[in-house]
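Chemist:
In structure tokens form, the structure reads like this:
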């Protein structure tokens, strides 16, 4: 199927399990393509180069594909992630626009994934527009590892992520805020306990 502006649905979102639809709303990142800032494990630009997606999905495009996936594929949840734009909200405004339109059209549960914004008021905005849970991903715990593997993202220190987690839990609730730590980046044996 295609959107009204003739974009194939498969370029907009993909099934990530039997009942989850996922997409990267902004398929570019301010850090990608620059050896001094790029995350070594990131391939955000590769599907764009391969013409398997588009750079920016509109809220209307995403609502269209999500509605069809809900009714034809039985999806129950949408995951919206984004590359990081050169703005202090770090992509949350883009996610707000998409989430609001999807929630209004489908009522589905939505998880948003982004870096912590400079102002945590954006967590309120995400929640108000229909985001039910938040993922903000550390990738690695050790600051030296982060600086070596992901020099751009490492400019946002772990201590700031911990503040962001606490602020986000106050908005989204316990069990609705998550992070990823990627194995094999050099952290060694990391045991992290975060209480909020």
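In the numbering used here, the protein residues as written are 1002 to 1197. No residue lacks a Cβ here, since even glycine has one placed at the ideal position from N, Cα and C.
1) Can you find the residues in the same chain that come closer than 6 Å, C-beta to C-beta, to residue 1003, ignoring five residues on each side of it along the sequence?
2) Indicate whether the contact test is met: 3 or more Cβ pairs, each with one atom in the segment 1074-1087 and one in the segment 1024-1035, closer than 8 Å.
3) Leaving out five residues before and five after residue 1121 in sequence, what residues of the same chain have Cβ atoms less than 6 Å from its Cβ?
4) Please determine if the segment 1102-1115 and the segment 1050-1067 are in contact, where contact requires at least 3 C-beta pairs separated by less than 8 Å.
5) For the beta strand (DSSP E) that residue 1198 lies in, which residues bound it at each end?
6) On the criterion of 16 or more Cβ atoms from any shown chain inside 10 Å, does residue 1123 qualify as buried, or is it exposed?
7) Should residue 1147 be labelled buried (16 or more other beta-carbon atoms within 10 Å of its own) or exposed?
8) Going by the beta-carbon positions, is the gap between residue 1012 and residue 1053 smaller than 9 Å?
9) Compute the Euclidean distance between the alpha carbons of residue 1094 and residue 1062, then round it to the nearest angstrom.
10) Between which two residues does the beta strand (DSSP E) holding residue 1081 run?
11) Mind checking if residue 1148 is an interface residue toward chain B, Cβ cutoff 9 Å exclusive?
12) Return helix, strand or coil for residue 1003, following the three-state DSSP convention.
13) Within its chain, find whatever has a CB closer than 8 Å to the CB of residue 1076; leave out the 5 residues flanking it on each side and keep chain order.
14) Is residue 1188 buried or exposed, if buried means 16 or more other CB atoms sit within 10 Å of its CB?
15) Would the beta-carbon of residue 1127 fall within 9 Å of that of residue 1135?
16) Which of helix, strand or coil does DSSP assign to residue 1147?
17) Should residue 1041 and residue 1080 be called a contact, given that it needs their Cβ atoms to be closer than 9 Å?
18) For residue 1136, write down the residues that DSSP places opposite it in a beta bridge.
19) Whose CA, out of 1117, 1141 and 1101, lies closest to the CA of residue 1129?
Modeler: Per the coordinate set shown:
1) Cβ contact annotation for residue 1003 (same chain, cutoff 6 Å, sequence separation greater than five): 1009, in chain order.
2) Put simply, the segment 1074-1087 touches the segment 1024-1035. At least three CB pairs are less than 8 Å apart.
3) Setting aside the 5 residues that flank it on each side, residue 1121 is surrounded in the same chain by 1168, each with a C-beta closer than 6 Å to its C-beta; the list follows chain order.
4) Remark: three or more beta-carbon pairs, one from each stretch, lie closer than 8 Å, so the segment 1102-1115 and the segment 1050-1067 are flagged as touching.
5) Nothing can be reported for residue 1198: it is not among the residues displayed for the chain, which extend from 1002 to 1197.
6) Buried, by the Cβ-count rule.
7) Buried is the call here.
8) The answer is yes: Cβ separation under 9 Å.
9) In this structure, the CA atom of residue 1094 is about 17 Å from the CA atom of residue 1062.
10) 1078-1082 is the span of the beta strand (DSSP E), which, as asked, contains residue 1081.
11) The chain inventory of the structure shown lacks chain B, comprising one protein chain alone.
12) In this structure, residue 1003 counts as strand in the three-state DSSP scheme.
13) Contacts found: 1016, 1020, 1021, 1022, 1067, 1070 and 1109.
14) With 16 or more other Cβ atoms within 10 Å, it is buried.
15) In contact: residue 1127 and residue 1135 (Cβ atoms closer than 9 Å).
16) Of the three classes helix, strand and coil, the one that applies to residue 1147 here is helix, per DSSP.
17) Residue 1041 is not a Cβ neighbour of residue 1080, given a cutoff of 9 Å.
18) DSSP, once it has assigned bridges, lists 1114 and 1179 as partnering residue 1136.
19) Among 1117, 1141 and 1101, the Cα nearest to that of residue 1129 is on 1101.
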